[in-house]
Structure formats: structure tokens, C-alpha cells
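Worksheet: one structure, shown below.
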Amino acid sequence: MRDAEVSQRLLEWYDAAARVMPWRVPPAAKAAGMRPDPYRVWMSEVMLQQTTVAAVTAYFQRFTSRWPTVADLAAAPDAEVMAEWAGLGYYARARNLLACARAVVRHHGGVFPDTAAGMRALPGVGPYTAAAVAAICHDEPAVVVDGNVERVMARLFALETPLPTAKPELVRLAATVTPDQRPGDYAQAVMDLGATICTPRKPACGICPLLGLCAAQRLGIAAELPRKLAKPEKPVRQGVAWVARRGDQVLLERRAERGLLGGMLAFPSDGWDGTTHGAPFESDWRNLGAVKHTFTHFHLVLQVMLASTTANPQRGEYMPLNPDDLPTLMRKAYDLAFPDKTPR
DNA sequence: GATACGTGGCG
DNA sequence: TCGCCAAGTAT
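Quick note: the first sequence uses UniProt numbering, first residue 1, plus one each step.
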């Protein structure tokens with residue numbers, strides 16, 4: 001296989017079928033002189049970490065409408081940013097997003113670094129995001145490797161080594177096909193291919209622009225690659241959440257910065273995250289039943305308790321609540337406790 | 001290097 | 001119903 005043939009076919013496919021996304025500048029607009037805004041590209045890439053385009057789009061629109069520039073975001077209160085991120089998951093990303101925006105304003109004059117190495121030094125920016133922003137915004141021929149690229153390369157070269165062992169080799173292979181011309185469009189093309197054609201299950205090899213170049217397709221094993229080591233079973237944890245209302249206010253606490261749902265608003269809870277505080281105050285708590293939720297590494301059955309009387313709590317504080325500001329686990333508890341306030 | 005860290009959709 | 005999976009990073 002000629003390496004240049006791979007990027008050439010991908011770029012042709014991308015130009016003909018590029019998907020429209022709010023953070024993207026289409027090839028035609030770039031030809032007319034438009035450049036991607038590093039602030040918007042960075043934000044989209046952080047949101048897209050382990051997250052689908054479908055889930056990200058509405059969040060991206062809200063964030064960029066509310067905070068149009070990195071300086072606007074840097075000036076935002078922590079609680080507002082965490083509330084806006086609620087429901088998107090991996091909340092360390094939101095904390096790092098804010099820390100990064102503030103670092104860009106404080107240490108870089110409000111301008112993102114224009115190299116992958118410079119980006120890499122910012123909070124929440126790892127090898128992938130640094131390379132993606134540098135390639136997309138500045139056409140640095142950085143090697144952009146995400147889960148899509150790993151899958152495409154494993155199939156293109158029929159690499160049988162299972163992940164994560166195969167990772168360094170996949171990065172090496174990705175480097176061999178990364179072009180000097182239009183590396184930003186190329187990076188997006190490979191990721192689009194992985195998201196739409198070279199999918200994890202049932203890849204659409206028949207319409208793939210790399211048909212004829214792909215070793216796994218020729219061998220008939222595309223759908224089996226990349227191979228992966230078996231993952232450990234998820235244990236089931238049990239917990240309790242305490243829901244108390246006082247008039248229009250609800251008893252809430254801000255979770256610790258580190259750890260599960262870090263930095264997010266939550267009902268006082270116990271038993272599932274290593275804590276055992278007990279109820280926030282003595283009352284005849286009524287068990288409303290349980291909500292189920294699955295985290296990355298365990299399943300959770302969370303009993304939801306409701307107080308019919310209120311008292312001065314030992315933890316948390318009463319405050320008005322917009323349920324959209326809660327992480328999804330706590331939103332499930334809210335919906336169980338206040339079914340009449342749940343839309344639909 | 002291994003582990004922690006969310007969520008929603010799909011087959 | 002349930003396991004897998006998604007444009008990863010921090011420690």
C-alpha cells in the first residue's frame with residue numbers, strides 16, 4: 001500500500017461528504033479564507049472526549065452562546081460552569097475546562113498556544129486533544145489518535161495485537177499515513193470515517209473509501225478488529241440518597257472536587273462512594289424505592305429517602321434547585337422524589 | 001501501567 | 001435486559 005493513497009482517498013471522501021458540525025469550518029469555507037476558532041475547536045474536542053457528537057452538540061451550542069470567548073468562560077463562576085455541564089459526564093473535564101480557560105487568559109494573553117506542545121501543557125489537554133487542535137486550527141501535521149483512529153488503523157493494517165497493548169504500534173502506523181498537506185482535514189476525515197463507516201460493529205466496508213487498501217477487509221476480519229482484552233466485571237454497589245424539601249428549597253451539597261461526580265451539586269448520600277455519614281437529620285424518612293445507574297466501573301442501586309418533616313441539617317444546605325443542574329444519577333433521584341415536577 | 005472517571009444509545 | 005462502546009486525561 002502506498003501511504004499517500006490512504007490520506008488522498010480520505011480527503012476526497014471528506015470533501016465530498018463532510019458532516020456539518022457547529023465547531024467545524026467546511027473545506028469550502030476554509031478555501032475562502034475562514035479559519036477554525038481555537039476556542040471553539042478546543043471546547044468541542046474536550047466535550048467529545050469519550051462522548052458522541054449527538055450528545056455534545058446541544059452542550060456546545062449552550063456553552064458558546066453563553067460564553068462566546070475564552071475570556072468570557074474564564075470569568076464565569078465555577079458553579080455556573082458545572083451546572084451547564086450537568087448531564088454530560090466525566091465532570092473533571094468541566095473543572096479542567098475552566099482551569100484551562102483561566103490559564104490561557106492569565107498566562108497566554110487570552111490566545112491559545114499554536115502548537116501541539118504548547119496545548120499539551122494546559123489542564124485537561126492530553127496527547128489527543130493537543131494534536132487535534134494543532135492540526136485542525138494550525139495544520140500542524142500532528143498525529144491525531146483517538147478511538148476511531150485506533151480502530152481504522154488496526155483494520156487498515158490488520159493488526160491482531162489486542163488493545164491496549166497495541167496502542168503504541170497503532171500510533172506508529174497512524175504516523176505513517178498522516179499527510180503534511182491538510183493534516184487538520186485529514187484528522188477529521190479519519191475520525192468521521194470511524195464514526196460513520198468504519199464503525200465498531202458491522203462496518204460498512206462496501207462504501208468505504210479505503211476499500212481495496214484495507215488488509216482486514218481483504219481478510220474478512222474487519223468487524224473483529226481491533227481485538228481487546230476482556231474487561232473486569234462491574235460490581236454492584238448499594239447506596240442511599242436523602243431528599244429533603246423546605247418550601248421551594250431542597251437540601252443539597254457540593255461534592256468534593258476529586259472523585260465521583262466531583263464538584264457537582266448533589267443530594268446528601270451515603271454508602272456508594274466510600275462515605276457513610278448517615279441521614280442529614282433525624283426524621284421519619286420514607287423509602288421511595290431505588291434508582292439504578294451505571295458508572296464506568298460499577299453498577300449502583302441507590303435508595304431514595306424522602307423526609308416528611310425538615311430540620312436543621314448536619315450536612316448540605318437548603319437552596320432553590322433547577323434539576324437540569326444535577327448530574328444524571330441525582331436527576332434520577334429527583335425524578336423519583338418529585339414525579340409531578342418531571343416533564344413528560 | 002493500572003485505575004478512576006459518566007452517560008446514552010445500540011444490538 | 002445488558003454488555004459494549006464513544007473525538008481521553010489525570011494520577
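Yeah, the Cβ is synthetic: ideal placement off N, Cα and C, and Gly gets one too.
Taking DSSP as the reference, what is the three-state secondary structure of residue i?
i	result
residue 42	helix
residue 82	helix
residue 171	helix
residue 231	coil
residue 283	coil
residue 36	coil
residue 203	coil
residue 8	helix
residue 290	strand
residue 306	strand
residue 344	Per-residue confidence for residue 344 stands at a pLDDT of 43, beneath the threshold of 50, marking its modelled position as unreliable; no derived number is given.
residue 300	strand
residue 21	coil
residue 27	helix
residue 313	coil
residue 339	helix
residue 327	coil
residue 273	coil
What's the C-alpha gap between residue i and residue j?
i	j	result
residue 23	residue 44	7 angstroms
residue 35	residue 114	13 angstroms
residue 167	residue 150	7 angstroms
residue 104	residue 62	21 angstroms
residue 142	residue 130	9 angstroms
residue 163	residue 177	20 angstroms
residue 236	residue 290	13 angstroms
residue 180	residue 7	10 angstroms
residue 265	residue 327	8 angstroms
residue 128	residue 100	16 angstroms
residue 138	residue 184	8 angstroms
residue 72	residue 323	25 angstroms
residue 349	residue 96	The structure shown does not extend to residue 349, since the chain is modelled only from 1 through 344, so no value can be given for it.
residue 245	residue 318	8 angstroms
residue 170	residue 67	37 angstroms
residue 83	residue 38	24 angstroms
residue 4	residue 186	11 angstroms
residue 156	residue 228	17 angstroms
residue 102	residue 225	41 angstroms
residue 247	residue 41	43 angstroms
residue 314	residue 258	22 angstroms
residue 47	residue 336	29 angstroms
residue 144	residue 309	56 angstroms
residue 277	residue 182	56 angstroms
residue 159	residue 198	15 angstroms
residue 267	residue 172	47 angstroms
residue 117	residue 30	24 angstroms
residue 206	residue 221	14 angstroms
residue 270	residue 132	40 angstroms
residue 333	residue 77	26 angstroms
residue 69	residue 213	43 angstroms
residue 210	residue 148	15 angstroms
residue 331	residue 88	12 angstroms
residue 79	residue 21	28 angstroms
residue 338	residue 218	56 angstroms
residue 307	residue 273	22 angstroms
residue 92	residue 300	20 angstroms
residue 33	residue 341	49 angstroms
residue 9	residue 263	45 angstroms
What does DSSP give as the partner residues of residue i in its beta bridges?
i	result
residue 15	For residue 15, which the question treats as bridged, DSSP gives no partner whatsoever.
residue 318	251
Residue ranges of each alpha helix (DSSP H) run of no fewer than 4 residues wholly in the UniProt domain "HhH-GPD" (47-196), ordered along the chain? The DSSP assignment places complete alpha helix (DSSP H) segments of no fewer than 4 residues inside the UniProt domain "HhH-GPD" (47-196) at 53-66, 70-74, 78-85, 92-108, 116-120, 127-138, 147-156, 167-177, 183-196, in order along the chain.
Write down every uninterrupted run of the alpha helix (DSSP H) in the segment 206-270 whose length is 4 residues or greater and which is fully enclosed by it, in chain order. If only uninterrupted alpha helix (DSSP H) runs of at least 4 residues are considered, those enclosed by the segment 206-270 are 215-219.
Answer yes if the segment 224-239 comes into contact with the segment 50-60, meaning at least three C-beta pairs across the two stretches below 8 angstroms, and no otherwise. no
Between the segment 10-24 and the segment 186-204, do at least 3 Cβ pairs fall closer than 8 angstroms? Yes, the segment 10-24 is in contact with the segment 186-204.
Is the segment 226-236 in contact with the segment 26-33, if contact means three or more CB pairs nearer than 8 angstroms? no
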